[in-house]
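Q:
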Amino acid sequence: MSDGGDGNRSLGHTPFKRSRSHFTDRITADGRDGWPVEPGRYRLVVSRACPWASRSLISRRLLGLEDALSPAVADPIQDDRSWRFTLDPGGRDPVLGIRYLGEAYDRRETGYPGGVSVPAIVDIPTGALVTNDYQQITLDFATEWTALHRPGAPDLYPQQRRDEIDTVMAEVYEDVNNGVYRAGFATGQKEYEEACEGVFRQLELLADRLARQRYLVGDTITEADIRLFTTLVRFDAVYHGHFKCNKWKLAEHPVLWAYARDLYQTPGFGDTVDFDHIKRHYYQVHTGINPTGIVPLGPDLTGWLAPHHREELGGRPFGDGTPPGPVRPEEEVPPQGRP
Ligand SMILES: N[C@@H](CCC(=O)N[C@@H](CS)C(=O)NCC(=O)O)C(=O)O
């Protein structure tokens with residue numbers, strides 16, 4: 076397995092460092108990088124275990140890009156060639172015809188030495204990777220794929236709020252999204268403690284904000300909420316135990332737990348989450364920190380469906396838009412992945 080993202084790490088005193096995304100071409104309305112937005116042209120390769128890939132699944136649902144961009148869901152357990160399509164008949168992605176995501180990377184750049192990571196967008200006609208730039212992919216869905224949005228799609232990155240959204244997302248990224256990984260993969264006590272303290276310090280700051288308002292920025296769901304949600308939804312299932320971020324559980328924090336439940340119950344969020352994939356990926360793949368590969372039975376997931384009462388704070392989840400429709404039957408998360 077590659078060390079490109081959050082792959083297994085041997086124990087040595089090297090601080091965890093996330094490698095940058097290597098393929099940063101953008102798919103845009105004007106096609107300036109050679110990749111124009113086009114319905115049916117690209118395949119979005121994800122793992123439902125991966126928080127960075129999960130952003131793109133949520134954004135695709137909220138914006139109604141399901142017809143325009145089909146998903147390939149990788150097996151949550153990588154092997155030494157990384158992400159693979161073993162969930163599909165014959166172990167091949169039915170659209171791209173490949174067994175490993177790495178084959179699309181090879182078609183883009185022969186002998187590419189970096190890691191194979193999700194999310195990845197692949198050009199279907201050539202089978203070549205276009206981008207694995209997880210920070211940009213969802214921003215482009217919101218701002219470049221607009222011609223293909225569904226009627227009633229929300230504005231997830233509103234122009235007049237971008238500065239504030241960017242500021243909040245930078246804090247969420249550094250201390251929370253990536254902070255849990257720095258804590259989890261730390262190989263020194265000090266490194267772990269600093270990362271873990273940073274996670275909880277930032278979560279408390281975010282909770283102060285969320286005690287007063289339903290969403291992170293403004294009164295509607297934005298990209299910032301998607302990015303915080305993908306870490307919160309994994310918190311008690313994997314980050315609390317496996318990554319040792321255990322000062323408290325999400326379910327013990329009244330504000331953040333209600334906020335996370337509110338989003339989970341919003342169409343487009345919870346219906347993309349597969350707790351089975353999440354737990355098996357983290358506990359079985361990171362053998363450096365969980366050598367037995369045992370996957371814990373808990374936590375009890377039923378609380379995700381409990382009333383959250385966040386509507387009392389006001390807010391308009393989709394602004395002037397509407398919620399997305401039901402999940403396509405072929406994209407439904409199997410019962411073992413749901414509360
Ligand atoms: N593309 C980014 C972020 C995406 C990322 O880290 N994805 C993880 C899964 S959550 C991944 O695919 N890691 C490669 C691996 O585990 O082999 C990176 O390279 O750091």
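Residue numbering for the sequence shown follows my numbering, starting at 76 and increasing by one per position. For every residue, glycine included, the Cβ atom is placed at its ideal position computed from N, Cα and C.
1. If you check the beta carbons only, do R435 and L171 fall under 8 Å apart?
2. What separation, rounded to the nearest whole angstrom, lies between the Cα atoms of G363 and S122?
3. Is any heavy atom of ligand 1 found at a distance shorter than 7 Å from the C-beta of N253?
4. Please find out if some non-hydrogen atom of ligand 1 comes closer than 7 Å to the beta-carbon of Y314.
5. Any chance the CB of S145 is under 7 Å from a heavy atom of ligand 1?
6. Please list the terminal residues of the continuous beta strand (DSSP E) segment that includes A195.
7. Our contact map puts P366 next to Y358 with C-beta atoms below 8 Å; I'd like the distance itself, whole angstroms only.
8. Give every residue of the same chain whose Cβ lies closer than 8 Å to the Cβ of F304, excluding the five residues on either side of it in the sequence, and list them in chain order.
9. Taking W158 and V197 to be in contact with their CB atoms under 8 Å, please state how far apart those CB atoms are, rounded to whole angstroms.
10. L303 lies in the alpha helix (DSSP H); which residues open and close that run?
11. Check whether the Cβ of V112 sits closer than 7 Å to any heavy atom of ligand 1, and report yes or no.
12. Please classify R183: is it buried, with 16 or more other beta-carbons within 10 angstroms of its beta-carbon, or exposed?
13. Taking the continuous beta strand (DSSP E) assigned at T206, which residues delimit it?
14. Who pairs with T262 in a beta bridge, going by DSSP?
15. Give the list of continuous beta strand (DSSP E) stretches no shorter than 3 residues that lie fully inside the stretch 88-127.
16. If I follow the unbroken beta strand (DSSP E) through P146, where does it start and stop?
17. For S129, name the three-state secondary structure that DSSP assigns.
18. How about P126: is its Cβ closer than 7 Å to a heavy atom in ligand 1?
19. Going by DSSP in three states, G248 sits in which element: helix, strand or coil?
20. Could you tell me the distance, in whole angstroms, from the CA atom of C125 to the CA atom of Y175?
21. Would G254 pass as a contact of G227 if the rule is Cβ separation under 8 Å?
A: Judging by the given coordinates:
1. Limits of the chain in this structure are 76 at one end and 414 at the other, which puts residue 435 out of reach.
2. The count along the sequence shown starts at 1 and reaches residue 363 at position 288. The count along the sequence shown starts at 1 and reaches residue 122 at position 47. Approximately 21 Å, taken between the alpha carbons.
3. As a first step, residue 253 must be located in the sequence shown, where it is residue number 178. No, the beta carbon of N253 sits no closer than 7 Å to any heavy atom of ligand 1.
4. Here the question's residue 314 lines up with position 239 in the sequence shown. Every heavy atom of ligand 1 is 7 Å or more from the Cβ of Y314, so no.
5. On the sequence shown, residue 145 is found 70 positions in, with the first residue counted as 1. Outside the cutoff, so no.
6. Taking the sequence shown and counting its residues from 1, one reaches residue 195 at position 120. Judged by DSSP secondary structure, A195 falls within the beta strand (DSSP E) whose first and last residues are 195-198.
7. Within the sequence shown, residue 366 is the residue found at index 291, counting from 1. Within the sequence shown, residue 358 is the residue found at index 283, counting from 1. Rounded, the Cβ-Cβ distance is 11 Å, inconsistent with contact.
8. Sequence index remark: in the sequence shown, residue 304 carries index 229 (1-based). Excluding its 5 nearest sequence neighbours in each direction, F304 has C-beta neighbours in its own chain below 8 Å: I133, A335, L338, Y339, F344, listed in chain order.
9. Your numbering for residue 158 matches position 83 in the sequence shown. Your numbering for residue 197 matches position 122 in the sequence shown. That pair is no contact at about 12 Å.
10. By 1-based counting over the sequence shown, the position of residue 303 is 228. Per DSSP, L303 belongs to the alpha helix (DSSP H) from 298-309.
11. In the sequence shown, residue 112 corresponds to position 37, counting from 1. V112: no, Cβ never under 7 Å from ligand 1.
12. Taking the first residue of the sequence shown as position 1, residue 183 is located at position 108. Buried.
13. Here residue 206 refers to the residue found at position 131 when the sequence shown is read from its first residue. From DSSP, the beta strand (DSSP E) with T206 extends over 203-206.
14. Position 187 of the sequence shown, counted from the start, is the residue given in the question as residue 262. DSSP lists no beta-bridge partner residue for T262.
15. List check, beta strand (DSSP E) in window: 117-121.
16. Position 71 of the sequence shown, counted from the first residue, corresponds to residue 146. In this chain, the beta strand (DSSP E) harbouring P146 covers 145-148.
17. Indexing the sequence shown from 1 puts residue 129 at position 54. Helix at S129.
18. One-based indexing of the sequence shown puts residue 126 at position 51. It does: the Cβ of P126 is within 7 Å (strictly closer) of some heavy atom of ligand 1.
19. If you number the sequence shown from 1, residue 248 lands on position 173. A small correction: the amino acid at residue 248 is Tyr; Gly does not occupy that position in the sequence shown. The three-state secondary structure of Y248, taken from DSSP, is helix.
20. As a first step, residue 125 is located in the sequence shown; it is residue number 50 there, counting from the start. As a first step, residue 175 is located in the sequence shown; it is residue number 100 there, counting from the start. Cα atoms of C125 and Y175: separation of roughly 17 Å, rounded to the nearest angstrom.
21. On the sequence shown, position 179 is the one that residue 254 refers to. On the sequence shown, position 152 is the one that residue 227 refers to. G227 is positioned such that its CB atom lies no closer than 8 Å to that of G254.
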